[in-house]
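Take a look at the structure below.
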Amino acid sequence: MIVLPLTRLGKREGTNVKSLKKRRVLAAMGLAIAAGVTPVATASPAAADIPSCLFYLEDRGYVVGKGVTSACRTGSNPTEFRACYKKLTSLGVRSAHADTACALAGR
1 MIVLPLTRLG KREGTNVKSL KKRRVLAAMG LAIAAGVTPV ATASPAAADI
51 PSCLFYLEDR GYVVGKGVTS ACRTGSNPTE FRACYKKLTS LGVRSAHADT
101 ACALAGR
């Protein structure tokens, strides 16, 4: 980005310094808003944390199959922690491991 002094730019284009300052402020505000909105609009809801759940359980010696994958996918929704926990414990995952795995999935 090239930044020119306001007085030089103002004289060259025939505009006053105040209007240039306003335009710069408005442009900066627009960029700040766009930068804040873009990640929210493009991020998938916790999809990146399903692997954390799966890897954690695999590291603890559990077989990661369809049931465990389904539980971790359910746990990726933070409001579904209990459902994730119940699925994992019903598959034989120890309580403490299920708790941690579901917490990882819901991050």
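Once you know that position 18 of the sequence shown is 18 in full-length UniProt numbering, the rest is easy, because the numbers rise by one and skip nothing. We put the CB at the ideal spot given by N, CA and C, even for glycine.
Discussion item. My output table needs one value for S76: the three-state DSSP class, helix, strand or coil.
Written reply: coil
Q) Do you know how far the Cα of D59 is from the Cα of S76? A) 19 Å
Mapping DSSP to helix, strand and coil, what is R24?
helix
**Request:** Could you check what DSSP says for G67 in three-state terms: helix, strand or coil?
**Result:** helix
| request: Could you check if V63 is buried or exposed, using at least 16 other CB atoms within 10 Å of its CB as the buried criterion? | output: exposed
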